[in-house]
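Data block below; observations after.
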Ligand code: R5P
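Residue numbers (my numbering): 3 to 314.
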């Protein structure tokens with residue numbers, strides 16, 4: 003019988019531990035370290051020949067996280083694993099997913115090429131920045147949605163008079179799906195990007211006065227999009243503002259700015275990217291059990307579509 007084995011790179015060991023705990027197995031023993039110049043070395047300590055191998059690694063910055071995953075896939079391929087599934091809870095370099103100006107790279111496609119060329123037979127990931135990235139892969143890709151765990155948390159707050167806001171036009175489909183499941187109105191905030199990492203709000207479309215508003219985004223990087231949106235909604239008369247974000251990139255002092263924001267009451271994020279000492283205002287919800295279930299079903303060749311059903 004083909005066994006399944008779960009290994010982890012070093013970028014999100016805490017999540018990998020949660021996944022194996024939910025599966026009732028141990029993480030595969032690996033030896034991963036850096037040479038003195040920073041180059042990465044990785045070895046599977048035990049035999050993986052003929053195994054159904056799952057390697058978990060989030061590919062947030064630095065790019066070494068991505069490179070470490072590629073090295074692990076290459077090591078597994080050369081060690082004759084039967085099937086290699088890369089579990090990438092946060093798929094980095096996803097925001098450049100099209101040529102939006104001349105002479106730029108489509109990094110999401112480049113990363114997809116690298117992963118498959120290294121030897122990944124399939125991919126499991128959570129909330130891709132845009133759904134079309136699935137088509138950048140010529141191997142099967144399962145796209146899970148953290149909304150399955152996040153919606154429960156929002157519901158547990160028992161908020162009434164609710165609206166769900168998309169902080170930019172790109173987030174409308176996701177916000178609409180949350181609004182439907184939370185039985186709330188949809189609000190759209192019109193954001194412009196005059197330069198990289200700069201977010202300017204020009205209009206709010208929808209009813210916000212005295213509403214409790216859930217702002218939903220896939221990624222928080224500098225926090226400018228989210229915090230500007232929360233402030234604009236507050237100015238327009240919103241009651242409580244609750245934040246929901248799948249991938250807490252939180253670069254620079256973003257976490258501190260969220261903690262200090264007067265507009266934002268509470269924020270739910272997931273553990274696709276590990277956070278060091280988040281403040282009380284930022285609650286981390288784990289996708290560990292969701293990924294564990296996806297591994298079990300993938301190994302057993304059972305459908306996992308119920309894990310990623312979402313109305314779009
Ligand atoms: C943009 O399309 C994404 O969904 C996020 O809104 C964006 O990446 C957030 O970036 P920042 O936090 O730097 O404004």
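Cβ coordinates follow ideal geometry from the N, Cα and C atoms, glycine included.
Remark: the shortest separation between the CB of residue 201 and any heavy atom of the ligand R5P falls under 8 angstroms. Remark: the shortest separation between the CB of residue 251 and any heavy atom of the ligand R5P falls under 8 angstroms.
Along the length of the stretch 243-278, whole beta strand (DSSP E) runs at least 3 residues long occupy 243-250, 268-272, reported in chain order. Residue pairing from DSSP places residue 219 in a beta bridge opposite 247. Taken in chain order, the complete alpha helix (DSSP H) segments of 4 or more residues contained in the stretch 60-99 are 66-80.
Look at residue 301 here: in three-state DSSP terms it is helix.
Under DSSP, the beta-bridge partners assigned to residue 187 are 165. The alpha carbon of residue 172 has as its nearest neighbour, out of 246, 68, 300, 97, the alpha carbon of 97. When secondary structure is reduced to three states using DSSP, residue 159 falls in the coil class, being assigned neither helix nor strand.
Rounded to the nearest angstrom, the Cβ distance from residue 61 to residue 44 is 15 angstroms, too far for a contact under 8 angstroms.
Relative to residue 37, the option among 66, 145, 192 whose CA is nearest is 66. In terms of Cα proximity to residue 93, the closest of 82, 80, 64, 149 is 64. Sequence-distant Cβ neighbours of residue 223 in its own chain, meaning closer than 8 angstroms and more than five residues away, are 199, 251, 252, 253, 256. Going by DSSP, residue 120 is part of the alpha helix (DSSP H) stretching over 109-120. For residue 229, the three-state secondary structure derived from DSSP is helix.
Its Cα nearest to that of residue 270, the residue 151 stands out among 118, 147, 151, 13. Straight through space, the alpha carbons of residue 225 and residue 210 are spaced by roughly 21 angstroms.
Comparing alpha carbon positions, the residue from 123, 161, 76, 162 closest to residue 143 is 123. Residue 147 holds the alpha-carbon nearest to the alpha-carbon of residue 177 among 197, 147, 233. Scanning 105, 138, 248, 107 for the CA closest to the CA of residue 284 turns up 248.
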